């Protein structure tokens, strides 16, 4: 088969580009430690979340000296906790800590995206999404449901507050859990 | 568009086949018109410039836009152009024209059923809806008509492939030692890809979603049906793209004044699409829980290698155009660009489409980058990307191709070439504005598929210009695209009133480097199909097995949500439910 010299060169460069892309992604996963949302989360019954030890009363829980677990249930059309515009407490975590999110859905497929960051996952009924985030300086982030979930989809939003550690500990209601009884 | 006297047109040589092609195009263009109307309604609604519908109905309009444009417009155009290409390149009628008309009728019926289910969503008197978007993931549920229509449509496309394979088998009996003509090769390989790709959606619709919407089963496994959807949902984008590639490879070099550079490389490209299109769908599920990181990595590697056929296409198509320009007297390193027929809407449309495809390819590489995708997944970046690929590379090539093909299908001249030229340039400009705004908004985290991107509890942090500037850009771009669609449709409608004449035939020249330069194994369709199936099994057997092992075939799936059938209880939503026609009249008055 006759292949033009320039075309061979182009083919070589194309393969180099592709290999380079795969290499950068591999570096991101192994070197920089960007782990994917995967199948490490358990499976749950979306119709019986009320009986689940963590999702029955979702919220923030301190699990280490500087590490927090956050359980979130996505409903049509609010996050519990998170949707402060609908009466739920914002997700509040202290600055410069490790935050593990465990998110599931009580009904349809939702999205959970922290706007302006790369914290992003699908929320699928029956599955638990696990996502670990290192939070930095105090800031306020919007949370959006970025997967269409029905006619009220555009009203589904939440708020995440990264507060100074002294402020976090200083607020009595936030030392153990929040959002559960809102 | 110099015509060649003495070359009979397709319509003259194959009147019945030309009529089938015209009918397929007619359905495609009706869908384009309605889909474009849905598009402008959305663009103006979500940017809060003009609101004709309540926000709860936005998703019905979005479903209509998606399904009509990426299923009906693209695939009806495809079957038209493939019917033309297979008949022309094999110089042979289908074995039975009634069979040909039957599959076209089935496809039309399926589209009608699905379209009716979607449109019912805005008619409060009819108790049906399908505002589940083009990506119809359970447990959001559509009316059974929606799924039934999809099934009938799919069967129609399968029978179209049977028709083309039978035509080819008949040809091969009479030409046992000849290489498959290039256009026929492209049609057959594309259909092999389609048969493999549609397994996923067919299983999902027939065994899960349709029985579930009819009440035969209580719940389905959302992750399983989602994975089956994307098994189909990525290769379908190549089903949209490959007819555009067929036009770029076989028609565009000719209208540039030359001929295809390399027939063997074109075959290699189509074989690569057969092999690599399907085992990549999990790259749409990088953010899904329940699928192991390793399976995502395999899909990512396959996706990156799928860049290869498009990069090879870029070389061959540009080289062929350069050859054409030099035939027309163009000289110099880049000076040949000036010698191209830029006043020809068919050429300019395809060239601009190709340019946009390069840009769309780059944003697609970002999507494909497994961990980089975290930043853009489900943001407005994604529709920004596919409005460059399917919305421009494919749609604009189809429109430009129509300008070249239409006179040969009707024996009538195009009504106005200057309007056609303005139309393709307007599309390019409109899409540049709209998709730029979408890409930028996506980087700020503004989600896709939402009627109200402004939230009450927070604001998006933008670097400069702000969200309102992006909204203006998006709405302006969308308006230009709508005007461009109207110009395209009215130009064609006016062309129908032109007098018939002869001498509109066009001949397609053979490639510079012909099929005899390539190994015969390239034409071994059974071999490539076999390898493609093995690759699919390798990529999908384990993840599907693991999903079923975790949650079972039917759940736990949660209850079904026929969203529009049960009006939401949130305050304010019900108040907004009103007849859209009345509201439109109020706005006009």
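Protein chains in written order, with this note's numbering: chain A, 1 to 182; chain B, 183 to 771.
Using N, Cα and C, we set each Cβ at its ideal position, and we do this for glycine too.
Nothing here was measured: the structure is a model prediction, and the numbers come from that model.
Neighbour-count burial assignment, residue 524 of chain B, 16 or more Cβ in a 10 Å radius: Here residue 524 of chain B corresponds to residue number 342 of the second chain, with the count starting at 1. Exposed, by the Cβ-count rule.
Beta carbon proximity, residue 146 of chain A to chain B, threshold 7 Å: Here residue 146 of chain A refers to the residue found at position 146 of the first chain. The beta carbon of residue 146 of chain A falls within 7 Å of a beta carbon belonging to chain B, placing the residue at that interface.
Any alpha helix (DSSP H) of 4 or more consecutive residues that is wholly inside the stretch 269 to 304 of chain B: 279 to 301
For residue 14 of chain A and residue 172 of chain A, the rounded distance between their alpha carbons: Counting from 1 along the first chain, the entry for residue 172 of chain A is found at position 172. Counting from 1 along the first chain, the entry for residue 14 of chain A is found at position 14. Model confidence at residue 172 of chain A stands at a pLDDT of 37, short of 50, so the residue's coordinates are unreliable and nothing is read from them.
Neighbour list for residue 427 of chain B in chain A, Cβ cutoff strictly below 9 Å: For the purposes of this step, residue 427 of chain B is taken as the residue at position 245 of the second chain. What residue 427 of chain B touches in chain A: nothing, since even the nearest Cβ is about 16 Å away.
Under 8 Å from the C-beta of residue 642 of chain B: neighbouring residues of chain A: Taking the second chain and counting its residues from 1, one reaches residue 642 of chain B at position 460. Within 8 Å Cβ-Cβ: 115, 116, 142.
Within the stretch 632 to 685 of chain B, ranges of the alpha helix (DSSP H) (whole runs, at least 4 residues): 648 to 677
Proximal residues, the stretch 552 to 586 of chain B versus chain A, C-beta separation under 8 Å: 552, 553, 554, 556, 557, 559, 560, 561
Partners in chain A for residue 321 of chain B, counting only beta-carbon separations shorter than 8 Å: The sequence position of residue 321 of chain B within the second chain is 139, counting from 1. By Cβ distance, chain A contributes 107, 108, 109, 125.
Which listed residue (B:669, B:560, B:679) has its alpha carbon closest to that of residue 113 of chain A: As a working mapping, residue 113 of chain A is identified with position 113 in the first chain. Out of B:669, B:560, B:679, B:560 has the C-alpha closest to the C-alpha of residue 113 of chain A.
Chain A contact residues for residue 486 of chain B, given Cβ-Cβ distances below 7 Å: Within the second chain, residue 486 of chain B is the residue found at index 304, counting from 1. In chain order: 18, 21, 22.
The stretch 251 to 266 of chain B touching the stretch 207 to 214 of chain B, judged by at least three CB pairs closer than 8 Å: They touch, by the three-pair rule.
Listed by chain order, chain B residues near residue 34 of chain A by CB distance under 7 Å: In the first chain, residue 34 of chain A corresponds to position 34, counting from 1. Within 7 Å Cβ-Cβ: 553.
For residue 358 of chain B and residue 337 of chain B, the rounded distance between their alpha carbons: Sequence index remark: in the second chain, residue 337 of chain B carries index 155 (1-based). Sequence index remark: in the second chain, residue 358 of chain B carries index 176 (1-based). Answer to the nearest angstrom: the Cα atoms are 30 Å apart.
Buried or exposed (CB count within 10 angstroms, at least 16 for buried), residue 8 of chain A: Here the question's residue 8 of chain A lines up with position 8 in the first chain. Classification for residue 8 of chain A: exposed.
Chain B residues whose Cβ lies nearer than 8 Å to that of residue 41 of chain A: Sequence index remark: in the first chain, residue 41 of chain A carries index 41 (1-based). Per Cβ cutoff of 8 Å: 471, 472.
Residue ranges of each alpha helix (DSSP H) within the stretch 682 to 709 of chain B, 4 or longer: none
6 Å CB neighbourhood of residue 508 of chain B in its chain, flanking five on each side removed: Translated into positions along the second chain, residue 508 of chain B becomes position 326. Cβ within range, chain order: 518.
Ordered list of beta strand (DSSP E) runs contained in the stretch 45 to 77 of chain A, each at least 3 residues: You should have 60 to 64, 67 to 75.
First through last residue of the beta strand (DSSP E) which encompasses residue 416 of chain B: Start at 1 with the first residue of the second chain, and residue 416 of chain B comes out as number 234. Per DSSP, residue 416 of chain B belongs to no beta strand (DSSP E) and is neither H nor E.
CA-to-CA distance, residue 78 of chain A to residue 568 of chain B, given in whole angstroms: Sequence index remark: in the second chain, residue 568 of chain B carries index 386 (1-based). Sequence index remark: in the first chain, residue 78 of chain A carries index 78 (1-based). If you take the alpha carbons of residue 568 of chain B and residue 78 of chain A, they lie about 29 Å apart.
Cutoff 8 Å; reference residue 193 of chain B; Cβ partners in own chain excluding five residues on either side: Residue numbering aside, residue 193 of chain B sits at position 11 when the second chain is read from its first letter. Cβ neighbours of residue 193 of chain B beyond the five flanking positions: 200, 590, 591, 592, 593.
Under 8 Å by beta carbon: chain B residues contacting residue 53 of chain A: Your numbering for residue 53 of chain A matches position 53 in the first chain. Within chain B, no residue comes near residue 53 of chain A; the closest Cβ sits about 17 Å away, beyond 8 Å.
Straight-line gap, residue 166 of chain A to residue 61 of chain A (C-alpha atoms, nearest Å): Indexing the first chain from 1 puts residue 166 of chain A at position 166. Indexing the first chain from 1 puts residue 61 of chain A at position 61. Distance between the alpha carbons of residue 166 of chain A and residue 61 of chain A is about 16 Å.
DSSP three-state assignment for residue 757 of chain B, whether helix, strand or coil: Taking the second chain and counting its residues from 1, the one referred to as residue 757 of chain B is at position 575. Confidence is the limiting factor: at residue 757 of chain B the pLDDT is only 38, short of 50, which leaves the residue's position unreliable, though a coordinate-based value still follows. In this structure, residue 757 of chain B counts as helix in the three-state DSSP scheme.
Cutoff 7 Å: residue 120 of chain A Cβ touching any chain B Cβ: Residue numbering aside, residue 120 of chain A sits at position 120 when the first chain is read from its first letter. Yes - at least one Cβ of chain B is within 7 Å of the one on residue 120 of chain A.
Neighbourhood of residue 298 of chain B by C-beta distance below 7 Å, restricted to the same chain and skipping five residues each side: Position 116 of the second chain, counting from 1, holds the residue named residue 298 of chain B. The answer, listed in chain order, is 327.
Test item: CB-CB of residue 99 of chain A and residue 119 of chain A under 7 Å: One-based indexing of the first chain puts residue 99 of chain A at position 99. One-based indexing of the first chain puts residue 119 of chain A at position 119. At a Cβ-Cβ threshold of 7 Å, residue 99 of chain A and residue 119 of chain A do not count as neighbours.
Backbone CA spacing between residue 748 of chain B and residue 313 of chain B [nearest angstrom]: Residue numbering aside, residue 748 of chain B sits at position 566 when the second chain is read from its first letter. Residue numbering aside, residue 313 of chain B sits at position 131 when the second chain is read from its first letter. No answer about residue 748 of chain B holds up, because its pLDDT of 37 lies below 50 and its placement is not dependable.
Test: residue 307 of chain B CB closer than 7 Å to a CB of chain A: Numbered from 1 along the second chain, position 125 holds the residue referred to as residue 307 of chain B. False, the Cβ-Cβ gap to chain A never drops below 7 Å.
Identity of the residue in B:234, B:455, B:611 nearest residue 537 of chain B by Cα: As a first step, residue 537 of chain B is located in the second chain; it is residue number 355 there, counting from the start. Considering only alpha carbons, the answer is B:611.
Under 7 Å by beta carbon: chain A residues contacting residue 634 of chain B: Residue numbering aside, residue 634 of chain B sits at position 452 when the second chain is read from its first letter. Per Cβ cutoff of 7 Å: 154.
Residue 656 of chain B and residue 619 of chain B closer than 7 Å at C-beta: By 1-based counting over the second chain, the position of residue 656 of chain B is 474. By 1-based counting over the second chain, the position of residue 619 of chain B is 437. Yes, the Cβ-Cβ distance between residue 656 of chain B and residue 619 of chain B is below 7 Å.
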